[in-house]
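Here's the structure, in structure tokens; my notes come after.
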Amino acid sequence: MTNSIGDLSMAEVLLLIGSNTTTAHPVIAMQLNGPLREGGMKLIVVDPRRTELARRADIHLQINPGTDVALLKAIMRVIVDEGLQDSLFISGRVEGFGEFRESLEELTLEQAADICGVPAKDIVRAARLYAGSGRSAVAYCLGVTQHAHGTDNVRAVANLAMLTGNIGRPGTGVNPLRGANNVQGACDMGGLPDLLPGYQKVIDSEARSRFEDAWGTALDSQPGLTVTEMIDAANSGRIKAMYIMGENPAISDPDASHVVSGLKNLDFLVVQDIFLTETAALAGVVLPGATFAEKNGTFTNTERRVQRVRKAIDPVGDARPDWRIVRDIANLMGAGWNYGSPKEIMKEIREVVRQYGDIRYARIDQRGIQWPCTKDSHPGTAILHEETFICGRGKMAAVDFIEPEEMPSPEYPLILNTGRALYHFHTGSMTRRSRGLDQLLPGALVDMNPADAARMGIADGDTIKVTSRRGQIEATARLTDRCAAGAVFLPFHFAEAAANLLTNTARDPVCKIPELKVCAVGVEKLD
Amino acid sequence: MRLPVETSTITLTIDGRPVKAFEGQTVFEAALAAGISIPNLCNDGRLEPIGSCRLCVVEIEREADMKASCSTPARDGMVVRTQTGPLLAVRRLVLELILSDHNAYCLPPCQNRCPAHLDIPGYVGAIADGDPVRSVKIIKDRLPFPRILGRICPRPCETVCRRQQNDEAVAICAIKRYAGDEAAGEDTLPQPQAAATGKRVAIIGAGPAGLTNAYYLALMGHDVTVFDSFPFPGGMLRYAIPDYRLPPGVLDQDLEELWSLGIEFVGGRSLGRDFTIDDLLDQEYDTVFLGMGAHGDHQMMIPGEELDGVISSVEFLRRVNLGEEVEIGRRVVVVGGGFTAMDAARTAVRMGAAEVTVAYRRTRAEMPAHETEVEEAEAEGVRLQLLAIPESIESDGGRASGLCLMQAELSGKGPGGRPRPMAIEGSEYCLPADTIIVAIGQKPKLCYFDEDGVRHVFLPEEKGIQTSKGGTVEVDPRTLQTARPQVFAGGDVVSGARTVIQAVAAGRRAALAMDAYMRGEDMARVGERLAGLEPDPVMLDIRQQPRHPAPRQHKELMDPAARRANFAEVELGLTREQALTEAARCLQCVCQAERTCELRKLGIGYGVTTNRFSGRMHAVPPIEDPNPVVSRQYEKCIVCGACARICDEVVAARAVELSETGMDTHIACGYHRSLPETGCVFCGQCVSACPTGALDNRLSMNVRPLPHRGAFEHQVEKVKTTCCYCGVGCTLFLHVMDGRIVEVSAGDPESVNGGNLCVKGRYGFDFINHTDRLTTPLVRRDGRLAPVTWDEALEEVRRNLERVRDEHGGRAVGALASGRCTNEDDYLMQKFMRTVLGSNNIDHCARL
């Protein structure tokens, strides 16, 4: 997030795109409730589904799945046509405005309204509302990113914020809501094939040589493979061995059978986890890791706040903290590491990651600190890009609308959207083993629009079969107007009705994110 | 949530102190920020203040009325007083009114009164649920012999039962007997036996104290041997209590579990005569427990006491229980008024004595024996001679022939607070008697007579053990440790003759102390912890309405005429139907929220101990609530509305709301729906807002420790950490007990989550201790994953990764870090890939 969680409640207008906040980030939704109740905040929701917040929104733009770019471009075109942009901000802070402005000509308002399936007048209203306030914030989630054009979606969102100068001030910003506890930190720490810790590019020889000095060894100058590329390479035999820590791609990744065949094709697979997950079951070696309650360390949350994780109990059985296992394997292979505790690892992180320059356990004992926190008791940074962008001027990039890769066909007439359910998390390995949560939602429910269901003779609670070009699952139908006609929704937490047996592996050309939010499916009732 | 908006600073005076505040803050907030706490029940940092509880009233200079501080804006120059006499009186009145409609109770007086602090609401509740096995497990957490105590306990618990406010006490003891009898033969160990510790314990005396001590030490994994001078175990249970009260079969069955725990019994071996404490310690016993009981008699010290035909009750009952021939004649007089006197009298009846009289110095009201014992004795024909002081014993041919008594009157208070019997001049009279049984109390017998009749005193001779003038063994009252560190003592040998339940309590306490001693703990600290077992909690006087109007169920008794002739058990147990009815009468005076309840804290703080108001209580419609996480008990609700407000103002679910008006106002789900039928998202925010126990978390283990439910063994520690679910990173506290996460609460309102949590954050932590957890490394052998050591597993990883790297290069290896692991974990993982394998093939599933 460029801004902080608390900032969202301070916005005059909040544009929420591709985020079912009530379900995926319930505590943020709770914090939005006050300003919404008191009428202090206007809310625009862009979502193909009629979520709780969509129902409470001033404007709900219920777009066709995968048409975000078309919508955002139409909104920006209205802003530019009506002269509502922040010219001072544009002239002072950004570059590429001319080319960007030309790119808006690609679609007329009416064409965009047609593509998105929303009334043109609502697009205009949204544009005026967002551009007309003193403080407008955008928050988005995986509904924006999990597309074959996810990078374009994010660029379009950024363009909108820059166009209206809604960056670098309280109650504004471009705010992705991170899905998992430490996705932010995993990226900060260099858990990415093209970026070293602190977002230093692998291909940048200067950055690389700094790490070579710090780590005392030569580094590969070529970016590595992303997870989806690794799975492809495992299938093709180019990747021979994998070491997977705390992830369950056999359930979480698109086209699960492709993942499983890739993992089975490896010479050697070692999985480190707290349960024998579907992925761990395929491994040659399984290493028992400790849960967050059994180890010390830090998580970095969606607002870049580095917070303490503290050991409350001893690891069960013979389980060990992940850092210790990785250290021991490294040392068996001659690394000569002598980290005695997570605190000692953080000391090294401070030295190599500029943003974490003064993140000390003693400083974050009571309350976490938001990076960048560079040196010498830096107080942390609640709002990014206040005076300038980190990279100088903000780049407004031209973005073209591209249809989702897979569109409905006579055989697969519905569009499947996947996501989270309130009572579960990710692949369910934790929540399905928590008694209360498991009882609150014991199995997968497929959301369908009642009109579609009526046409197919499906009643609420019927067992149905959902089929895509890649696979099929059985689950229970739930009829709800939350789903638009022509769409179905399936949570991805349930291994026995794994949404990712159906999803498409089409992926974004830049960041390789798969198109988990759109694929074509057919539905039929089972007896 | 109210966002902190800093505006201009103002100054006001609170309780004579200048206090800085911001324009827009309330008096309550200004006071709180200055560290002045004003009592309240409805204030919550996450909600707009509304002043509904009226407890936060303050006086403001130049204002006529008291004002609710939580909804009064602070103004510059304001002079506020929070603790004046009238304010305290109003708050007290408010609390009394709230408590008059609080149909619940915090702590069970029965459990507090029980010497063993048995979880009585727990085991009675289990019987109401029809689950005798669970009931007995709860009982055995505190005493090993439910069938024995269920028959002979003097049940001090029932004297304080709160059901007496409505009708009669719950038949707590009879329910215990029912539970024990029903679950006989089932596996009812309160916990699995711990692995062997290799420590050895010698216990002297196989009575209630010694056997209880043995039971808990064996459960803790120690190797236990019990020595007794009698050939069979049981002590007074076997050799003093008559069969008609405790059939020997029941005793043997209750003791069976002890032998199954591996406890060894050595009968016919007596301390002093056969071995010394030094001998035991030389034989490598790590600790010794002295539980020899009180087998010596008090004597009347009157002329004729040495005559034939005069016998002590201890000896009399022992000989009868051993099956020896005892000649008692037609007329028997028993001296004394306690349990032993009743036992002796009723035993004499069964042996065919035609006239049995109990002579007691005071009146019936002062008799230490339980009233029902006296009644049953009378029903069997025993006659009471009250206000009778023994003077001398008449003899006829060297044998006692009668007891001469003086008529007494009660006057003043003697030592111990009981009225003192004074002999009336010239009132002497004699009761003819063939046998006189003396039952005026027992004391430890710390000596023995050898074959030549020479008396040997053995205990004070043993190095380091000290005894009192009264002949009891002296111990540290908290740890029951004697002056000799390896030696502990408890039961009658320490206290003088008391009840079985007191001996059991001492046996268990000594077991905890001995275990700690053998583990090398500092005994001063152990003493402090054990002292915590005897808290003196404040019992609020809250009226309670029973939901089950049934009268007390009474055990059937055998017909008195029939029972005179034999030693068959007199009391028959409750039937199943009776037991379940009786158990449902229990008011369950226990609340999980006892330690957190704001109402209780204020009630105690304001000394609300009288029950001035009792009228109609608000109606509580029955709740159909099939949900696994939130427990609702609206009879405890004080209708502050915090739950309904947080559900609306913060959660936006509007699952519960205030319903009806006036006295009938209550919290309900709209349209008479159940919680799952509303928009409830089960976040538990309402629970966190509730100032009482009306709303509570349904805990996975359901064992938040109450003062007497494991305060010694189970301490709860709260560890501040960050939630492991979504990217918000809520600050939360993990509540840890016995190495498990039992509950979760939110961080303070300043934390990133503003004191809020969602359903996963509050209820999603059972997975940590789930049986599916991987607890050992696994390596695939012959196609199956098999457990191996860490060394083997890590070596397997090294060998394979090095092989692939050496044959195909580092880029043939891929690794995934994780958005679920810590920064430190992820940092090392990518460093491992980049430096050890020389590849940038590192990613995580963030985009998935």
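In order, the protein sequences belong to chains F and Z. Residue numbers 81 to 607, in the working numbering, belong to the letters of the first sequence in order. Residue numbers 674 to 1521, in the working numbering, belong to the letters of the second sequence in order. The beta carbon of each residue, even a glycine, is placed where N, CA and C say it ideally should be. Given the structure is predicted, the values throughout are model-derived calculations rather than measurements.
On the CB-based measure, 16 or more other CB atoms within 10 Å of its CB, does F/Gly472 come out buried or exposed?
By the neighbour-count rule (16 or more Cβ atoms within 10 Å), F/Gly472 is not buried but exposed.
Counting only beta-carbon separations shorter than 7 Å, does Z/Asp1498 have a partner in chain F?
So, interface residue.
CA-CA distance, Z/Ala1266 and Z/Leu1489?
Answer to the nearest angstrom: the Cα atoms are 44 Å apart.
Cα separation between F/Ile283 and F/Leu305?
C-alpha separation (whole angstroms): 14 Å.
Pairs of beta-carbons, one from the segment 875-895 of chain Z and one from the segment 923-935 of chain Z, closer than 8 Å: are there three or more?
Counting Cβ pairs under 8 Å, three or more are found: they touch.
Taking only beta-carbon atoms, is F/Asn255 less than 7 Å away from chain Z?
Not an interface residue.
The alpha helix (DSSP H) spanning F/Met325 covers which residue range?
It is not in any alpha helix (DSSP H) - F/Met325 instead sits in the beta strand (DSSP E) that spans Ala321 to Met325.
Does Z/His641 have its Cβ less than 7 Å from a Cβ in chain F?
An answer regarding residue 641 of chain Z cannot be provided, because it is not within the stretch 674 to 1521 covered by chain Z.
Using the DSSP secondary-structure output, state which residues sit across from Z/Cys1399 in a beta bridge.
In DSSP, Z/Cys1399 forms no bridge with anything.
Mapping DSSP to helix, strand and coil, what is Z/Gly1070?
Three-state DSSP puts Z/Gly1070 in coil, outside helix and strand.
What is the DSSP secondary structure of Z/Tyr1279, counted as helix, strand or coil?
Z/Tyr1279 falls in the coil class under three-state DSSP.
With a floor of 4 residues, list each alpha helix (DSSP H) that falls wholly inside the segment 969-1017 of chain Z, ordered by position along the chain.
The segment 969-1017 of chain Z contains these whole alpha helix (DSSP H) runs: 986-994.
Let me see if you follow: with CB-CB separation under 7 Å, is Z/Glu1469 close to chain F or not?
So yes, Z/Glu1469 belongs to the interface.
Could you tell me the distance, in whole angstroms, from the CA atom of Z/Glu1017 to the CA atom of Z/Val1007?
Per the sequence presented here, residue 1017 of chain Z reads as Ala, with Glu not at that position. Roughly 7 Å separates the two Cα atoms.
What does the Cβ neighbour count give for F/Pro589, buried or exposed, with the cut at 16 atoms within 10 Å?
It counts as exposed.
By alpha-carbon positions, which one of Z/Met1212, Z/Arg946 and Z/Met1079 ends up nearest to Z/Gly1126?
Per the Cα distances, Z/Arg946.
Using a cut-off of 7 Å between C-beta atoms, extract the partners of F/Asp408 located in chain Z.
Under the 7 Å cutoff, chain Z gives Leu1467.
Is the Cβ of F/Pro250 closer than 7 Å to any Cβ of chain Z?
Cβ-Cβ to chain Z under 7 Å: no for F/Pro250.
Counting only Cβ pairs nearer than 7 Å, list the residues of chain F close to Z/Cys1494.
Under the 7 Å cutoff, chain F gives Asn262, Met325, Gly326 and Asp402.
Pop quiz: Z/Ala1162 and Z/Val1146 are said to be a contact at Cβ under 8 Å. What is the actual Cβ separation, rounded to whole angstroms?
Right, their Cβ atoms sit about 4 Å apart.
Determine whether the Cβ of F/Pro145 lies closer than 7 Å to any Cβ atom of chain Z.
No, no contact with chain Z.
What does DSSP give as the partner residue(s) for F/Pro395 in the beta ladder?
In DSSP, F/Pro395 forms no bridge with anything.
For F/Arg136, which option in F/Leu517, F/Arg117, F/Val350 and F/Pro128 has the closest C-alpha, if you only look at C-alpha atoms?
Per the Cα distances, F/Arg117.
By the three-class DSSP mapping on this structure, what secondary structure does F/Phe569 have?
It is a strand residue.
Assuming F/Arg258 and Z/Gly1400 form a contact by the criterion Cβ under 8 Å, report the distance between their Cβ atoms to the nearest whole angstrom.
Right, their Cβ atoms sit about 3 Å apart.
How big is the Cα-Cα spacing for Z/Glu1028 and Z/Arg1019?
Between Z/Glu1028 and Z/Arg1019, the C-alpha separation is close to 11 Å.
Going along chain Z, which residues have a C-beta under 7 Å from F/Asn381?
What F/Asn381 touches in chain Z: Gly1400, Val1401, Gly1402 and Val1425.
Within the same chain, show all residues whose beta-carbon is closer than 6 Å to that of Z/Val843, passing over the 5 residues directly before and after it, in chain order.
So the qualifying residues of the chain are Cys834, Arg836, Arg1258 and Cys1259.
What is the C-beta distance between Z/Glu963 and Z/Gly878, in whole angstroms, given that I count them as a contact (C-beta under 8 Å)?
With the sequence shown as reference, residue 963 of chain Z is identified as Leu, and Glu is not the correct amino acid for it. That pair is a contact at about 7 Å.
Nearest CA to the CA of F/Ser89: which residue from F/Val218, F/Tyr323, F/Leu367 and F/Leu299?
Checked all of F/Val218, F/Tyr323, F/Leu367 and F/Leu299; the closest Cα to F/Ser89 is F/Val218.
Rounded to a whole number of angstroms, what is the C-alpha to C-alpha distance between Z/Ile1583 and Z/Gln1358?
Since the first residue shown for chain Z is 674 and the last is 1521, residue 1583 of chain Z is missing from the structure and cannot be characterised.
Along chain Z, in chain order, which residues have C-beta atoms closer than 7 Å to that of F/Met528?
Within 7 Å Cβ-Cβ: nothing; F/Met528 doesn't reach chain Z, min ~21 Å.
Quick one: any contact between the segment 290-303 of chain F and the segment 312-330 of chain F, if contact means 3 or more CB pairs under 8 Å?
The segment 290-303 of chain F, when compared against the segment 312-330 of chain F, does not touch it at the 8 Å Cβ threshold.
State the start and end residues of the unbroken beta strand (DSSP E) segment that holds F/Asp527.
Element bounds for F/Asp527: Leu525 to Met528.
Which of the three DSSP states is assigned to Z/Gly689 in this structure?
In this structure, Z/Gly689 counts as coil in the three-state DSSP scheme.
Going straight from the alpha carbon of Z/Ala867 to that of Z/Ala1189, what length do you get?
Near 14 Å, if we compare the C-alpha coordinates of Z/Ala1189 and Z/Ala867.
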